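*Asks:*
Residue numbers (the working numbering), protein chains in the order written: chain A, 119 to 470; chain B, 119 to 470.
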């Protein structure tokens, strides 16, 4: 592509090789007019903004390996930031991409990642409007790290935040847990299973739009305030469902009770977890969401999720309680009740 | 701080140690209400936005060493993104911070960097509204990399872009070149000089605000179109002044002619460059800007820059020509004319 098959330090120098990389690779895949101007910032016209608020988020991705069943670091970087924006009820619009590349990375690998980002961004309906590339010497990074930052617009009347869960609310999970984490883990350990594992990595903005539309007409109950019947949205990534629910319980100062038998887990994930001694509740997901909704919104919300290809296995897995504020309880298949803690320590580094 | 003196992999796990790091370190320094909500995105109210456009940018910082005379990676990460926003004429408002930390980094080093980011953000009048932390195993990164993304608002009537330089325009440089790059380089080589070198790392938004205010009343000449008398703004970072001017010449399809004797270079930088066989035109800056302005705006622009503490050494260094579009010419002290190329290869990796 640039007369070199691997990334050289000079590709990050800001000089001619940097320019070649921008023109021959990035601009081939990322074509937003604001990006094509090659200015230091993308200047963006949000249109009729006066009544919207801006959602702004960032995440870095250091997943190893770079490529895995169901995705790659590029797809993950786009989905992760699209999903973080979606979890605030925003419509994701624009992304920036910051690459930190280890000298010696095959250009073919970089191109595969960039192409994957472009496809995923298109699928999610977001534009990549800016970027930056740094190259570090061999041994100073592991192949490729990606940061994505994103902007979305939050429509009027939407107020989704971790502190809005109320006793009586229902807890909905959009599908089976543990697919992403167990895929990465088994790839890295070189394990093979009969039923193949695949990351659930996916952009959730379409699913969230369906969810919000389905409950938009539900009037707030007395004392509930406005802001909509969807109170909290989170994607349970690092730390898994257990950690996400603990965060919400703490932020809202409510208890959360979930039913073990209601939580969907794919057979392959269950098997891999048993083999490795892991609990799927703590395993990372990259294409699932937890919604905490007003009780009267639970059924329409569930129906909306199930009608979407990314929410077919959605389930109501529990409820919010006044009891034990800040803590999460699991009712096991055998009827026992046990505390669910936040993840302690590190289960698997570089899962995302 | 968290019962550990160094960063462990578990600090990036999303679990309890991650939460401790957020609560006991980041939230102590970064206090914007949107950040304190600990949601997946910061939701921001831009106020009266209907007539503004959004500037959005990102940069990753991999500078080595992390601490150097005049700054550190944290100050650099805030200034760099503030400056990229400023170069589009935007008023910088919000930043996100993405950290990639090598396991084993002393917590004291991380805190020093975070504190420096907070001080620099306050000085620049921007708020850090979101962040993310990843930790990778020893040897998979070199101590600490930082990504910052930023949002600013571009007021109506401002149109600053690399393609707006016109023949007759003047080229203004806000101060002496090469300080940042030579500081890093001599630190890394362990060189010492009589007159100390110090990075020029600084947020330029205040300087840009003064510049724009000073020329706001200058009426556009016929055929010039609106958008203001400041046509292009760039901060000459990686690749130095030579590369920045080449970028502008190419983007605007104009020639640029600069006078060697007009370009300020500090004695210490000149000495270090001679010793190391480097040309200051190619050395990185982190607190300087190049402005290309309409001829009638040159004197008021220069006066405004010189009145600001970060622009005291500002100078008109050249002009835009119809001749040799896309190329830059230097008139040397001896009156010779020579082409100035874009940086080729890598002068010094990890300068920023």
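Every residue, glycine too, gets a C-beta built ideally from N, C-alpha and C.
These figures come from a predicted structure and were not determined experimentally.
Between which two residues does the alpha helix (DSSP H) harbouring residue 232 of chain B extend?
*Replies:* In the second chain, residue 232 of chain B corresponds to position 114, counting from 1. It spans 225-242 - the alpha helix (DSSP H) in which residue 232 of chain B sits, taken as one unbroken run.
*Asks:* Can you find a CB in chain A that lies within less than 7 angstroms of the CB of residue 174 of chain B?
*Replies:* For this step, residue 174 of chain B is matched to residue 56 along the second chain. Answer yes: the Cβ-Cβ gap between residue 174 of chain B and chain A drops below 7 angstroms somewhere.
*Asks:* Under a CB-based cut-off of 7 angstroms, is residue 324 of chain A close to chain B?
*Replies:* On the first chain, position 206 is the one that residue 324 of chain A refers to. Cβ-Cβ to chain B under 7 angstroms: no for residue 324 of chain A.
*Asks:* Judging by CA-CA distance, which residue of B:364, B:330, B:420, B:431 is the nearest neighbour of residue 444 of chain B?
*Replies:* Position 326 of the second chain holds residue 444 of chain B. For residue 444 of chain B, the nearest C-alpha among the options comes from B:364.
*Asks:* Just to check my reading of the structure: residue 290 of chain B and residue 402 of chain B have Cβ atoms closer than 8 angstroms, yes? What is that Cβ distance to the nearest angstrom?
*Replies:* Taking the second chain and counting its residues from 1, one reaches residue 290 of chain B at position 172. Taking the second chain and counting its residues from 1, one reaches residue 402 of chain B at position 284. Not a contact, Cβ separation roughly 19 angstroms.
*Asks:* Is there a Cβ from chain A that is less than 7 angstroms from the Cβ of residue 265 of chain B?
*Replies:* On the second chain, position 147 is the one that residue 265 of chain B refers to. Interface residue, yes.
*Asks:* In the region 287-374 of chain B, which residue ranges form an unbroken beta strand (DSSP E) of at least 3 residues, counting only runs that do not cross its ends?
*Replies:* Whole beta strand (DSSP E) segments, 3+ residues: 288-291, 348-352.
*Asks:* Spatial neighbours of residue 189 of chain B within its chain, please: C-beta separation below 7 angstroms, excluding the five flanking residues on both sides.
*Replies:* Residue 189 of chain B sits at position 71 when you count from the first residue of the second chain. Only 317, 319 meet the Cβ criterion.
*Asks:* Based on the DSSP secondary-structure assignment, which residues constitute the bridge partners of residue 209 of chain A?
*Replies:* Working through the first chain from its first residue, we reach residue 209 of chain A at position 91. For residue 209 of chain A, which the question treats as bridged, DSSP gives the partners A:271.
*Asks:* Quick one: give me the first and last residue of the beta strand (DSSP E) that residue 173 of chain B is part of.
*Replies:* Counted from its first residue, the second chain places residue 173 of chain B at position 55. Looking at the DSSP string, the run of the beta strand (DSSP E) that includes residue 173 of chain B is 171-179.
*Asks:* Name the chain B residues that come within less than 8 angstroms of residue 460 of chain A, Cβ to Cβ?
*Replies:* As a position in the first chain, residue 460 of chain A is number 342, starting the count at 1. Per Cβ cutoff of 8 angstroms: 133, 134, 137.
*Asks:* To the nearest angstrom, how far is the alpha carbon of residue 180 of chain A from that of residue 125 of chain B?
*Replies:* On the first chain, residue 180 of chain A is found 62 positions in, with the first residue counted as 1. On the second chain, residue 125 of chain B is found 7 positions in, with the first residue counted as 1. One C-alpha to the other measures close to 16 angstroms.
*Asks:* Could one say the Cβ of residue 212 of chain B lies closer than 7 angstroms to chain A's Cβ atoms, at least one of them?
*Replies:* Translated into the one-based positions of the second chain, residue 212 of chain B becomes position 94. Yes, residue 212 of chain B lies at the interface with chain A (some Cβ there is under 7 angstroms from its Cβ).
*Asks:* Quick one: what's residue 449 of chain A bridged to in DSSP?
*Replies:* Counted from its first residue, the first chain places residue 449 of chain A at position 331. Its beta-bridge partners are A:377, A:455.
*Asks:* Assign residue 276 of chain A to one of three DSSP states: helix, strand, or coil.
*Replies:* Numbered from 1 along the first chain, position 158 holds the residue referred to as residue 276 of chain A. Coil.
*Asks:* With 16 other CB atoms within 10 Å as the buried threshold, where does residue 119 of chain A fall?
*Replies:* As a first step, residue 119 of chain A is located in the first chain; it is residue number 1 there, counting from the start. Unreliable positioning characterises residue 119 of chain A in this predicted model, as indicated by a pLDDT of 47, which lies under 50. The coordinate reading is nonetheless provided below. Exposed, by the Cβ-count rule.
*Asks:* Please report the residue range of the beta strand (DSSP E) in which residue 198 of chain A lies.
*Replies:* Taking the first residue of the first chain as 1, we reach residue 198 of chain A at position 80. Segment 191-204 is the alpha helix (DSSP H) holding residue 198 of chain A; no beta strand (DSSP E) there.
*Asks:* Using 7 angstroms as the threshold, is the C-beta distance between residue 128 of chain A and residue 307 of chain B below it?
*Replies:* Start at 1 with the first residue of the first chain, and residue 128 of chain A comes out as number 10. Start at 1 with the first residue of the second chain, and residue 307 of chain B comes out as number 189. Not a contact, by the Cβ cut-off of 7 angstroms.
*Asks:* Where residue 416 of chain B and residue 336 of chain B are concerned, what is the direct C-alpha to C-alpha distance, given to the nearest angstrom?
*Replies:* Sequence index remark: in the second chain, residue 416 of chain B carries index 298 (1-based). Sequence index remark: in the second chain, residue 336 of chain B carries index 218 (1-based). So the alpha carbons of these two residues sit roughly 11 angstroms apart.
*Asks:* In the DSSP output, which residue or residues are listed as bridge partners for residue 216 of chain B?
*Replies:* Counting from one through the second chain, the residue named residue 216 of chain B turns up at place 98. Answer is B:250, B:265, bridged to residue 216 of chain B.
*Asks:* Got a sec? Which residues, its chain only, sit under 7 angstroms from residue 301 of chain A by beta carbon, not counting five neighbours each side?
*Replies:* As a position in the first chain, residue 301 of chain A is number 183, starting the count at 1. For residue 301 of chain A, where only same-chain residues beyond five positions count, the Cβ hits under 7 angstroms are 186, 187, 188, 315, 316, 317.
*Asks:* With distance defined between alpha-carbon atoms, name the residue in A:292, A:183, A:233, A:146 nearest to residue 329 of chain A.
*Replies:* Reading the first chain from its first residue, position 211 is the one you call residue 329 of chain A. The residue with the shortest Cα to Cα distance from residue 329 of chain A is A:292.
*Asks:* Listing by chain order, which chain A residues have their CB less than 7 angstroms from the CB of residue 128 of chain B?
*Replies:* In the second chain, counting from the first residue as 1, residue 128 of chain B sits at position 10. Within chain A, the residues near residue 128 of chain B are 463, 464.
*Asks:* With DSSP as the reference, please indicate the residues paired to residue 469 of chain B in a beta bridge.
*Replies:* Start at 1 with the first residue of the second chain, and residue 469 of chain B comes out as number 351. Per DSSP, none; premise fails for residue 469 of chain B.
*Asks:* With 7 angstroms set as the bound, which would you pick, yes or no: does the beta-carbon of residue 209 of chain A sit closer than that to a beta-carbon of chain B?
*Replies:* Here residue 209 of chain A refers to the residue found at position 91 of the first chain. Not one chain B Cβ lies under 7 angstroms of residue 209 of chain A.
*Asks:* Leaving aside the five residues before and after residue 207 of chain A along the sequence, list all residues of the same chain whose C-beta is less than 6 angstroms from its C-beta, in chain order.
*Replies:* Position 89 of the first chain, counted from the start, is the residue given in the question as residue 207 of chain A. Around residue 207 of chain A: 272, 276, 278.
*Asks:* Assign residue 185 of chain A to one of three DSSP states: helix, strand, or coil.
*Replies:* As a working note, residue 185 of chain A is residue 67 in the first chain. Of the three classes helix, strand and coil, the one that applies to residue 185 of chain A here is strand, per DSSP.
*Asks:* Report buried or exposed for residue 210 of chain B, applying the criterion of at least 16 other Cβ atoms within 10 angstroms of its Cβ.
*Replies:* Here residue 210 of chain B refers to the residue found at position 92 when the second chain is read from its first residue. It is buried - the Cβ of residue 210 of chain B has at least 16 other Cβ atoms within 10 Å.
*Asks:* Look at residue 191 of chain B and residue 231 of chain B and say whether their C-beta atoms are less than 7 angstroms apart.
*Replies:* Counting from one through the second chain, the residue named residue 191 of chain B turns up at place 73. Counting from one through the second chain, the residue named residue 231 of chain B turns up at place 113. Against a cut-off of 7 angstroms, the Cβ pair of residue 231 of chain B and residue 191 of chain B comes out as a contact.
*Asks:* With residue 213 of chain A and residue 251 of chain A assumed to form a contact (beta carbons below 8 angstroms), what rounded beta-carbon distance in angstroms separates them?
*Replies:* Position 95 of the first chain, counted from the first residue, corresponds to residue 213 of chain A. Position 133 of the first chain, counted from the first residue, corresponds to residue 251 of chain A. Contact doesn't hold; Cβ gap of about 15 angstroms is too wide.
*Asks:* So residue 67 of chain B packs on residue 201 of chain B, CB below 8 angstroms; how close in whole Å?
*Replies:* Outside the shown range of chain B (119 to 470) lies residue 67 of chain B, about which nothing can therefore be said.
*Asks:* Could you give the DSSP three-state label for residue 438 of chain A: helix, strand or coil?
*Replies:* To locate residue 438 of chain A, count along the first chain from 1; it is residue 320. Strand at residue 438 of chain A.
*Asks:* Would you tell me roughly how many angstroms separate the C-alpha atoms of residue 264 of chain A and residue 178 of chain A, rounded to the nearest one?
*Replies:* Taking the first chain and counting its residues from 1, the one referred to as residue 264 of chain A is at position 146. Taking the first chain and counting its residues from 1, the one referred to as residue 178 of chain A is at position 60. So the alpha carbons of these two residues sit roughly 6 angstroms apart.
*Asks:* Assuming contact is defined by CB atoms lying nearer than 7 angstroms, are residue 432 of chain A and residue 424 of chain A in contact in what I supplied?
*Replies:* Within the first chain, the letter at position 314 stands for residue 432 of chain A. Within the first chain, the letter at position 306 stands for residue 424 of chain A. Taking 7 angstroms as the Cβ cut-off, residue 432 of chain A and residue 424 of chain A qualify as a contacting pair.
*Asks:* For residue 262 of chain B and residue 219 of chain B, which I take to be in contact (beta-carbon distance under 8 angstroms), what is that distance rounded to the nearest angstrom?
*Replies:* Position 144 of the second chain, counted from the first residue, corresponds to residue 262 of chain B. Position 101 of the second chain, counted from the first residue, corresponds to residue 219 of chain B. Yes, they are in contact, since the Cβ atoms of residue 262 of chain B and residue 219 of chain B sit about 6 angstroms apart, within 8 angstroms.
*Asks:* Distance cutoff 7 angstroms, beta carbons only. Does residue 254 of chain A sit that close to anything in chain B?
*Replies:* Indexing the first chain from 1 puts residue 254 of chain A at position 136. Yes, because at least one Cβ of chain B sits closer than 7 angstroms to the Cβ of residue 254 of chain A.
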